[in-house]
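In our numbering, the protein residues as written are 133 to 388.
Cβ coordinates follow ideal geometry from the N, Cα and C atoms, glycine included.
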Ligand code: BTN
């Protein structure tokens, strides 16, 4: 752990909480910066798009609060930045072959290992971000029931006894180092880092937006974090290759 981390993060460790994100969202705005909440279990863990995040004991449920001197509208790609930080941290504890499935899934071999939920609040002049991170360490049956392929760190080669505290320390370390630097521009950071961790690059994806389904080849991200797709079919009707971008709040995506 970098020495600076201890000075920059005030970590609260709880046995049980409704949601580590909600715990931080209850903190007054002026006290949120540098606060982190880690819980053994969550009774009302939240996933993206209003879904629940099953949170039995044994995994990582972590949220970090950060103040930005920038409007929330400029932080749309913060979840991608957090995903890169989680990937770098997991590499440090020995994981290989993992990446981010845009926008917020940490995956290994096409199976979900973790997820990120960023919640923003604040005014135009500045805003607070709560960055929530769930990582399956020993997923257990409760998590396995969520209906998509999942995995955990303990199932990965060389990691059956992975030290959960080391995972949390590495994630906090990466986040603090990166968040301190990216305010000036998430885009520059992602331009350099995203290609390395992009689990969708070159893959055929199906994107649902409203009533329509777009199919095509994923081709990285735009400066604002939107997914670029070379669309070749809309609602299963072939179209000539059409460059489109999709924003995370408005779509659901799967590999075709
Ligand atoms: C997703 O993949 O849908 C995002 C999952 C985010 C889960 C984490 S666990 C810690 C933090 N607290 C929550 O209630 N959610 C996030």
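{"Asked": "Given residue 221 as reference, the closest of 235, 234, 386 and 192 once Cα atoms are compared", "Found": "192"}
{"Asked": "Residue 141 CB to nearest heavy atom of the ligand BTN below 7 Å", "Found": "no"}
{"Asked": "Same chain, Cβ closer than 6 Å to residue 302, five either side skipped, listed in chain order", "Found": "221, 224 and 225"}
{"Asked": "Segment limits, beta strand (DSSP E) that includes residue 207", "Found": "Per DSSP, residue 207 belongs to no beta strand (DSSP E) and is neither H nor E."}
{"Asked": "For residue 165, the three-state DSSP class (helix, strand or coil)", "Found": "coil"}
{"Asked": "Residue 237, buried or exposed, once every other Cβ within 10 Å from all chains shown has been counted against 16", "Found": "buried"}
{"Asked": "N- and C-terminal bounds of the beta strand (DSSP E) containing residue 359", "Found": "359-366"}
{"Asked": "For residue 197, the residue or residues it bridges with in DSSP", "Found": "262"}
{"Asked": "Beta-carbon proximity check, residue 167 vs residue 249, cutoff 8 Å", "Found": "no"}
{"Asked": "8 Å Cβ cutoff met for residue 356 and residue 209", "Found": "yes"}
{"Asked": "Beta-carbon proximity list for residue 360, same chain, < 8 Å, skipping 5 on both sides", "Found": "350, 351, 352, 353, 354, 375, 376 and 377"}
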